[in-house]
Amino acid sequence: MTVEQINSQGNLRHLITLADLERHQIERIIDRASSYLTPLGHPPPRDSILKGHTVANLFFEASTRTRASFELAAKRLSADVLNLDVNMSARTKGESLLDTIYTLQAMQVDIFVVRDASTGVPVRIAKHVAPHVSVLNAGESDVSHPTQGLLDLMTVQRHKGDVGKLCIAIVGDIKHSRVARSAFEAFTKFDVGEIRFVGPVELLPEDDMTGARSFTELDDGIRDADVVMSLRIQKERFGELGEIPDPQEYFRRYGLTEDRLRVAKPDAIVMHPGPMNRGVEIEGSLADGPRSVIQEQVTNGLAVRMSVLALVYEHISANRGSPR
Amino acid sequence: MTVEQINSQGNLRHLITLADLERHQIERIIDRASSYLTPLGHPPPRDSILKGHTVANLFFEASTRTRASFELAAKRLSADVLNLDVNMSARTKGESLLDTIYTLQAMQVDIFVVRDASTGVPVRIAKHVAPHVSVLNAGESDVSHPTQGLLDLMTVQRHKGDVGKLCIAIVGDIKHSRVARSAFEAFTKFDVGEIRFVGPVELLPEDDMTGARSFTELDDGIRDADVVMSLRIQKERFGELGEIPDPQEYFRRYGLTEDRLRVAKPDAIVMHPGPMNRGVEIEGSLADGPRSVIQEQVTNGLAVRMSVLALVYEHISANRGSPR
Amino acid sequence: MTVEQINSQGNLRHLITLADLERHQIERIIDRASSYLTPLGHPPPRDSILKGHTVANLFFEASTRTRASFELAAKRLSADVLNLDVNMSARTKGESLLDTIYTLQAMQVDIFVVRDASTGVPVRIAKHVAPHVSVLNAGESDVSHPTQGLLDLMTVQRHKGDVGKLCIAIVGDIKHSRVARSAFEAFTKFDVGEIRFVGPVELLPEDDMTGARSFTELDDGIRDADVVMSLRIQKERFGELGEIPDPQEYFRRYGLTEDRLRVAKPDAIVMHPGPMNRGVEIEGSLADGPRSVIQEQVTNGLAVRMSVLALVYEHISANRGSPR
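Protein chains in written order, with this note's numbering: chain A, 22 to 345; chain B, 22 to 345; chain C, 22 to 345.
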């Protein structure tokens, strides 16, 4: 990571990874996000802070949910929003990614929200934009999904307060999950009591997320947990898993159910980043039941995206017209 | 139909079918729609009633015209609009339809505009949304297209006044037409003088639309009619029609022309829901001529959609924050 | 061309080609465009002139950049914007183009921005719309791209002042380029000193652009030029070019580089309409270097589109409600 996410005034400029943010900077994002929550059913929060500014959603990887969340976040802050679903081949992208960015920047786009299936694109863009322009990572390969990590932290904090004594179990395909990685970064930043990764051995990460304990048995992994987060499993994985040839066997071994959750804390909450495979990684009734905070995650996610968009405004307005 | 479209205060909440609406409820929609008409060429009507509210256009079936009509209707009421063209396979949809809805609802979407090629999706959604949320049917299989039925009724009323003494002939593929069905429901609700279905025997409906008379000869069917509505015929049908192997023969038998319209009333108007196959179900010069009210249907359609969006606002604002 | 682009009051109504505009009319567009420039990094210009009006971007040919430019131009003028990416086959388009236009017009669309890969579509639409409605050409086959020609002229004027003594070299596939054609029309209108076309003989135009000199050697063509404009070459062309079988050979013969540019004027500027094939028609470091005005072209392009949209407003508002 060779791009400064925080500018010299201490304000957020880019959001590409949680790995090198300070705790107080994350707290600032979540505090602002909390100010953008209204009770469900009430009119959504609005702010005119981005009026006259332009946000480009540059999605190289298809997404309905995250794109909708960023689009509504920007519109509720009164920005002009440009949706660009760009289908570039890898080769084409190498050639023309920066030209696309320079072109949009010359159209006075102020904020790029970028999603891409490969690694390094958000950093590459951030290194080349004008001094006042911001880049927000909306999902990068299996490496980083920082607004997801923030919304997961925010959701846990709102239910459990300080995470310092909590045990958080993340169940499923940890190895290929940008969600798990960003959640890990967010929770460790706040000195979480314990993080556990639970899943088939083939899907546990190699030892780059230090401090987490790994489990291959669900019962062991979620025992006495305060928070159990289930991850989406891609159907393509089943070919690679020796003992788990199909979704049915996966559900038998790692599917979260009311019954299996009995070994967790009585007040354990259940999370999932969506979209869910019901009956594969999670039982439908559990997802819809009182322990589930899955819809709150979505609501908090929109608030986090509003917060980040609003916070980078301070950088943009202070650095307009700076020499390159 | 097991969803209440009208709430306990008597206000419109959902619009899924015209079949169980009362006449006065339809009148209320059309009255409000009339208030959203400006002379063609004048600036379009605007209203800020949905400012701060979010409308999601959830189209599982492609549509340019109806999507554009709902999108402009929502924007002219100052709503934030989210367009989602969702390409779900039938199996995927079964699994994830409600999760998509719950997710968008957690993003504080207030109104879902839904179009789908299969039957039952709008009702299924309406049964599961939060108490303040509305669902509007923008076209459902061959079953229902209520805003189309309303715009057809409105267009006839504006030209002919009370429909109680009118003879209305609907020509074409009645059997597979949600347009015909919703028009039938609208006109019968207002005690239309006579409704006739005209088309090849294979395309006439089985006897579930009681009160309508069926004709297989065009001249008999439109004789002395006040209103002649032509329907779009799908090219795929020709394989199924014994005596009509191609568009040319269909035009010879059922194509509306100035000449054949001479048996109708001298002041008969000509309607078509669009998009037209000119030279198949209708002669181009007739569609563009003085009898045609086809473009008025489009304008009235946008007004009807503004009306429905504005009317459900009353439900939304009165029921925000209700317990589920 | 049988459509009047200027109305009887002398105001711009349509913009389909630069060929029959007067010099003062072009000056008026560029003057207004200049008023829509703000320093890069500053908030973009805004104007509420199109508030309550509707602009439809009707793109029959895919485009990211031009669509984004027109979309932001319309939004920054406060218009409601409808994006329609229409994938019509040639046959379908023949049948239903005008019905699509009539339908959108009945929804009170005021301005159609049209892009199409075939010739004649913008004129055909302009001939059939209501008296107050405007049609803007956003790229038409290899024939016309008027806002591109205007932005090229504007960019040269801002760097070099009066074009009357300038030598402008356009390098590449002139024959198939709507960009070259519209630039030629713009510059000749302003009595440019000299226009040169430079490229392989197969890509030089037949003699319909009189006044331009043709060159097959790059050094000859750009010698002492004040402005060198490189055009995008489509990969498909290489099969048709006898002596130039591949991009490498093309770059060797016609690729613009710092080194080869030494024969041009010392203060020559370099232009490209984008998207660039770096390393094929232009060296990357030249495109990014101090001679390049490529990003200014993009910024000026957005200002030109705002200008044109704002100028046709005068026609629209003066002609609302006119009889057809």
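From the three backbone atoms N, C-alpha and C, an ideal C-beta is built for every residue, glycine too.
Everything numeric in this text was worked out from a predicted model, so none of it was measured.
B/Ala83 sits away from B/Ala324, with the two beta carbons spaced by 8 Å or more.
Legend: CB atoms of the segment 80-102 of chain B lying less than 8 Å from CB atoms of chain A belong to residues Asp101. Taking a Cβ-Cβ threshold of 9 Å, the residues of chain B close to A/Val319 are Tyr123, Thr124, Leu125, Gln126, Ala127 and Met128, in chain order. For the pair B/Leu105 and B/Val142, the CB atoms are not nearer than the 8 Å cut-off.
Of the other Cβ atoms in all chains shown, 16 or more fall within 10 Å of the Cβ of B/Ser251; this residue is therefore buried.
With 16 or more other Cβ atoms from the protein chains shown falling within 10 Å of its own Cβ, A/Asp137 counts as buried. The residues Val76 and Ser155, in chain order, have a CB closer than 6 Å to that of B/Ile132 in the same chain once the five nearest residues on each side in sequence are set aside. A/Lys256 counts as exposed, since fewer than 16 other C-beta atoms from the protein chains shown sit within 10 angstroms of its C-beta. If you look at A/Ile37, you'll find it isn't in any beta strand (DSSP E); DSSP assigns it neither H nor E. Excluding the 5 residues flanking it on each side, C/Asn321 has same chain C-beta neighbours closer than 6 Å at Leu172, Met175 and Thr176, in chain order. B/Met297 belongs to the set of residues whose beta carbon lies under 8 Å from a beta carbon in chain C. A Cβ-Cβ separation of about 23 Å leaves A/Met327 out of contact with C/Ala89 under the 8 Å criterion. Counting only unbroken stretches of 3 or more residues, the beta strand (DSSP E) elements lying wholly within the segment 264-337 of chain B are 290-292, in sequence order. With a threshold of 8 Å between beta carbons, A/His180 makes no contact with chain B.
In the DSSP annotation of this structure, the continuous segment of the alpha helix (DSSP H) that includes A/Gly170 starts and ends at Pro167 to Lys181.
Out of C/Arg273, C/Gln30, C/Thr140 and C/Arg97, the CA that lies nearest to the CA of C/Arg199 is found in C/Thr140.
For the pair A/Arg217 and A/Ala204, the CB atoms are not nearer than the 8 Å cut-off. Between the segment 271-284 of chain C and the segment 296-309 of chain C, the count of C-beta pairs closer than 8 Å reaches three or more; the two stretches touch. When the beta-carbon positions are compared, A/Arg44 and A/Phe211 come within less than 8 Å of each other. When the beta-carbon positions are compared, C/Leu36 and C/Asn158 come within less than 8 Å of each other. Where C/Gly242 is concerned, the enclosing alpha helix (DSSP H) starts and stops at Leu239 to Ile243.
Beyond the five residues adjoining it in sequence on each side, A/Arg202 comes within less than 6 Å, by CB distance, of no other residue in the same chain.
In this structure, the CA atom of B/Glu264 is about 38 Å from the CA atom of B/Arg179. Listed in chain order, the positions of the segment 39-72 of chain C with a beta carbon within less than 9 Å of a beta carbon of chain A are Thr59, Pro60, Leu61, Gly62, His63, Pro64, Pro65, Pro66 and Arg67. At a beta-carbon threshold of 7 Å, the residues of chain C lying near B/Gln316 are Tyr123 and Ala127, ordered along the chain. In this structure the segment 90-97 of chain C does not lie against the segment 290-298 of chain B, because fewer than three pairs of beta carbons, one per stretch, are closer than 8 Å. By DSSP's assignment, A/Leu103 forms a beta bridge with A/Ala77.
Within chain B, the residues Ala127, Met128 and Gln129 have their CB atoms less than 9 Å from the CB of A/Leu323, given in chain order. In this structure, the alpha-carbon of C/Asp163 lies about 44 Å from that of B/Val249. C/Val150 has a beta carbon lying at 8 Å or more from every beta carbon in chain B.
The C-beta separation of B/Phe236 from B/Val219 comes to about 5 Å, placing the pair in contact by the 8 Å criterion. In the structure shown, the three-state DSSP call for A/Val222 is helix.
Pairing A/Ala147 with A/Val135, the inter-Cα distance amounts to about 10 Å. Contact annotation: C/Ile337 and C/His153 have beta-carbon atoms nearer than 8 Å. Contact between C/Gln46 and C/Arg34 does not hold, since their C-beta atoms are separated by about 11 Å, which reaches or exceeds 8 Å.
As the crow flies, the alpha-carbon of A/Ala246 is around 5 Å from that of A/Cys188.
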